[in-house]
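Colleague:
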Amino acid sequence: ECIWTDWIDVSYPNSTDRDGGDNETFDNIKENNPSWVCVKAENISCRATKFPDIPIADLGQTVTCDVDTGLICNNRDQQIGGIIPMPVCLNYEISVCCIPNIPECTSMTTSGTTSPPSSTTSRITPSTVSTTPTTTVPPETTNGTTTTVVPPSSTTSSSTPRTTTPPPVSTTPT
1 ECIWTDWIDV SYPNSTDRDG GDNETFDNIK ENNPSWVCVK AENISCRATK
51 FPDIPIADLG QTVTCDVDTG LICNNRDQQI GGIIPMPVCL NYEISVCCIP
101 NIPECTSMTT SGTTSPPSST TSRITPSTVS TTPTTTVPPE TTNGTTTTVV
151 PPSSTTSSST PRTTTPPPVS TTPT
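With the first letter of the sequence shown counted as 1, position 161 gets the number 161 in UniProt numbering; the numbers rise by one all the way through.
1) Are the stretch 47-55 and the stretch 26-34 touching by the rule of at least three beta carbon pairs closer than 8 Å?
2) Which residues does DSSP list as the beta-bridge partners of N23?
3) Measure how close the beta-carbons of S11 and E1 come, nearest whole angstrom, since I'm counting them as under 8 Å.
4) Please identify the residue among I72, R47, N74 and N75 whose C-alpha is closest to the C-alpha of E93.
5) Rounded to the nearest angstrom, what separates I80 and D22 at their Cα positions?
6) Is the separation between the beta-carbon of residue 178 and that of N75 shorter than 8 Å?
7) Just mark V37 as buried or exposed, buried being the case when its beta carbon has 16 or more other beta carbons within 10 Å.
8) Taking only three categories from DSSP, how would you classify E31?
9) Could you give the DSSP three-state label for I8: helix, strand or coil?
10) So, helix, strand or coil for I54, using DSSP?
11) C89 and K40: beta carbons closer than 8 Å?
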């Protein structure tokens, strides 16, 4: 299961640079904090630092908040209006739900299978639930009919499987 990071803010928009903006991208975060590891981002949350309770869609800015790259806001894409009177990006921050960098979790991401979390622990360990004794009896197949034998029960039955011996194969050239 993924674990949410704290709010991350590594970039601040320069209001005098028309080609600037606010880039809270994964590459930018790694550049500013080389120890930051996110094996796989499962989800992302983006917000303006001055307006944390207002959804970014309601701020009147053109912003990309993407689970594959992070947040990108370009000053040149902003219009006059919205929540601020100037055509520049607000300062944004992101929180990312990352798969932890531990072998049990990374091997699950490569297989492409996901399952809903079953508990609040962040470490996933394989477990086996068994309601029968540890004896495993494989299914027996006879004439196309599959019979599964379940151990042990109060009644017993026995059957003798039919065995067919193939004729000997001649290895002498004809």
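We put the beta carbon where it would ideally sit given N, CA and C, even for glycine.
Keep in mind that this is a model prediction, so the values were computed, not measured.
Modeller: Checking against the coordinates, here is how it stands:
1) no
2) I72, per the DSSP bridge assignment.
3) About 29 Å; that fails the 8 Å criterion.
4) R47
5) 17 Å
6) Given that the chain is displayed from residue 1 to residue 174, the structure contains no residue 178 and the question cannot be resolved.
7) exposed
8) helix
9) strand
10) Residue state, collapsed to three classes: coil.
11) Remark: C-beta atoms of C89 and K40 do not approach each other more closely than 8 Å.
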